[in-house]
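Asker: Before I ask anything, let me first share the structure, which is written out below as structure tokens.
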Amino acid sequence: MKKKFFTREVKVGLMAVAAIFVLYFGLNFLKGIDIFSPISYYYASYENIGGLVPSSPVYVKGLKVGQVEEIKYDFTKEESFVVRISVSKDINLPKGAKVELFDDGLMGGKAIQLVYAPIVLTQEMYQPGDTIESQVGIGLMGQLAGDLMPKIESISAQTDSLIRSIRKIADSKELNNSLASIEKTTSDLAVSSVQLKKMMKNDMPKIIDNVNVLTTDFKQISGNLKAIDFAATFASIDHTIANLNLATDKINNSEGTIGLLLNNKDLYVNLSNTASSADRLLIDMHKNPKKYVHFSLFGKKVE
Numbered sequence: 001m002k003k004k005f006f007t008r009e010v011k012v013g014l015m016a017v018a019a020i021f022v023l024y025f026g027l028n029f030l031k032g033i034d035i036f037s038p039i040s041y042y043y044a045s046y047e048n049i050g051g052l053v054p055s056s057p058v059y060v061k062g063l064k065v066g067q068v069e070e071i072k073y074d075f076t077k078e079e080s081f082v083v084r085i086s087v088s089k090d091i092n093l094p095k096g097a098k099v100e101l102f103d104d105g106l107m108g109g110k111a112i113q114l115v116y117a118p119i120v121l122t123q124e125m126y127q128p129g130d131t132i133e134s135q136v137g138i139g140l141m142g143q144l145a146g147d148l149m150p151k152i153e154s155i156s157a158q159t160d161s162l163i164r165s166i167r168k169i170a171d172s173k174e175l176n177n178s179l180a181s182i183e184k185t186t187s188d189l190a191v192s193s194v195q196l197k198k199m200m201k202n203d204m205p206k207i208i209d210n211v212n213v214l215t216t217d218f219k220q221i222s223g224n225l226k227a228i229d230f231a232a233t234f235a236s237i238d239h240t241i242a243n244l245n246l247a248t249d250k251i252n253n254s255e256g257t258i259g260l261l262l263n264n265k266d267l268y269v270n271l272s273n274t275a276s277s278a279d280r281l282l283i284d285m286h287k288n289p290k291k292y293v294h295f296s297l298f299g300k301k302v303e
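Residue numbers (my numbering): 1 to 303.
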């Protein structure tokens with residue numbers, strides 16, 4: 001009888017190996033590690049890593065080229081932390097390059113970036129496994145603080161000056177007088193408001209009634225004016241004016257008694273002389289009444 005090679009035990013073993021491979025590949029994939037790309041390992045030492053963790057990214061000018069593989073520490077040394085990073089095999093690090101620890105975003109995450117000048121053909125390169133000089137970047141928050149602190153200090157000085165000015169104004173006698181005046185004005189306005197309210201309550205109904213009466217009277221007058229025959233009235237006025245013009249013309253033309261009196265000079269002179277003679281006669285009669293009266297009420301003749 002021929003023995004089968006793919007027994008149940010072999011199949012279970014193959015499945016276990018495949019599962020381990022998939023698990024390893026999946027974990028590295030989640031960490032951002034491409035297990036099919038060749039990588040090189042480098043080391044850097046730090047006194048303080050500021051929250052850097054394994055699997056943190058490694059950048060070159062913003063491009064991710066690797067990650068932090070391992071962090072070892074020995075607190076007996078000044079530079080307590082040794083960081084191992086993995087970088088793609090095609091990334092060449094020239095002598096003088098630095099491994100910089102910097103802030104990766106506003107949330108406080110840390111990352112590594114490789115900082116170096118352009119490569120010269122004759123320049124010597126770091127080899128995998130070498131320890132590269134490290135440095136700590138200022139970080140985004142540090143840059144913001146450095147840019148903002150002078151402005152904040154300037155604003156603080158201006159604010160302090162403003163507060164002092166406000167305090168000086170608040171303690172001034174003029175402001176206290178103004179506040180007292182405003183308080184008095186407010187009190188007067190309150191009294192005026194009460195009086196106005198009283199007037200609106202007591203006097204306004206009477207005023208409105210009077211206005212209504214006036215409106216009614218004006219309405220009645222308007223009706224009466226509407227009933228007037230203005231055409232006949234103006235015609236009568238025109239007729240009267242025409243008669244006055246006619247009378248004036250007659251007077252100016254010496255027609256009638258009034259015209260003769262106004263325009264005849266001789267008649268005026270005669271009337272003036274007659275009036276003068278009558279006046280003298282009356283005066284003489286008043287002075288010498290016996291000269292003109294020759295009888296007595298009692299029948300006795302006065303000599």
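Note that beta-carbon positions come from the ideal geometry of N, C-alpha and C, so glycine has one too.
(1) Around the Cβ of M15, are there at least 16 other Cβ atoms within 10 angstroms (buried) or fewer (exposed)?
(2) Rounding to the nearest angstrom, what Cα-Cα distance links P150 and A157 in this structure?
(3) What does R84 pair with, by DSSP beta-bridge criteria?
(4) DSSP state of S272, grouped into three classes?
(5) DSSP on F102, reduced to helix/strand/coil?
(6) Do three or more CB pairs link the stretch 75-90 to the stretch 160-171 at distances below 8 angstroms?
(7) Would you kindly report the start and end of the unbroken beta strand (DSSP E) that includes L52?
(8) DSSP state of K64, grouped into three classes?
(9) With distances taken between CB atoms, is the gap from Y59 to Q113 smaller than 7 angstroms?
(10) Between the alpha carbons of L101 and L27, how many angstroms are there, rounded?
(11) On the CB-based measure, 16 or more other CB atoms within 10 Å of its CB, does D103 come out buried or exposed?
(12) Helix, strand or coil: which one does DSSP assign to A111?
(13) P38: which of D217, K265, G66 and L179 sits nearest, CA to CA?
(14) Roughly how many angstroms separate the alpha carbons of S187 and S181, rounded to a whole number?
(15) List the endpoints of the continuous alpha helix (DSSP H) containing S236.
(16) Does E303 come out as helix, strand or coil in the three-state DSSP assignment?
(17) Which full runs of the beta strand (DSSP E) of 3+ residues lie inside the stretch 122-209, going along the chain?
(18) Is the CB-CB distance between E70 and S86 below 7 angstroms?
(19) Between the C-alpha atoms of G13 and Y24, what's the straight-line distance to the nearest angstrom?
(20) If we count the other Cβ atoms within 10 Å of its Cβ and call it buried at 16 or more, is I138 buried or exposed?
(21) Beta carbon of V99, beta carbon of S55: below 7 angstroms?
(22) Beta-carbon separation of Y43 and T131 under 7 angstroms?
(23) Alpha carbon to alpha carbon, how far is N202 from S193?
(24) Taking G109 as the reference, which of L52, D90, V191 and P94 has the closest Cα?
(25) What does the alpha-carbon distance come out to for the pair N238 and K250?
(26) Cα separation between L93 and P57?
(27) Taking the alpha-carbon positions, what's the E78 to G129 distance?
(28) Check Y24 in the structure and name its three-state DSSP category.
(29) What whole-angstrom Cβ distance do A97 and Y73 have, given they're in contact under 8 angstroms?
(30) Select from T76, M125 and A111 the residue whose C-alpha is nearest the C-alpha of K89.
(31) Return the bridge partner residues of Y59 from the DSSP annotation.
(32) Give me whichever residues DSSP pairs with P94 in a beta bridge.
Answerer: In short, the structure shows the following:
(1) The residue in question, M15, is exposed, as its Cβ has fewer than 16 Cβ neighbours within 10 Å.
(2) 11 angstroms
(3) Y43 and E70
(4) helix
(5) Strand.
(6) no
(7) Run containing L52: none; DSSP gives neither H nor E here.
(8) strand
(9) The answer is yes: Cβ separation under 7 angstroms.
(10) L101 and L27 have their C-alpha atoms roughly 25 angstroms apart.
(11) buried
(12) strand
(13) G66
(14) 10 angstroms
(15) Counting along the chain, the alpha helix (DSSP H) containing S236 begins and ends at F230 to N252.
(16) Note that E303 has pLDDT 47, beneath the 50 cutoff, so the model's placement of it is unreliable and the number below is only indicative. Note: E303 maps to coil in three-state DSSP.
(17) You should have 134-136.
(18) no
(19) Going from the Cα of G13 to the Cα of Y24 covers about 16 angstroms.
(20) exposed
(21) Between V99 and S55, the C-beta gap is not smaller than 7 angstroms, which leaves the two residues out of contact.
(22) yes
(23) Taking the Cα positions, N202 is about 14 angstroms away from S193.
(24) L52
(25) Position check: residue 238 holds Asp in this sequence, whereas Asn was assumed. If you take the alpha carbons of D238 and K250, they lie about 18 angstroms apart.
(26) 17 angstroms
(27) Within the model, the alpha-carbon separation for E78 versus G129 is close to 22 angstroms.
(28) helix
(29) Incorrect: roughly 24 angstroms between the Cβ atoms, too far for contact.
(30) M125
(31) K64 and Q113
(32) DSSP, once it has assigned bridges, lists M125 as partnering P94.
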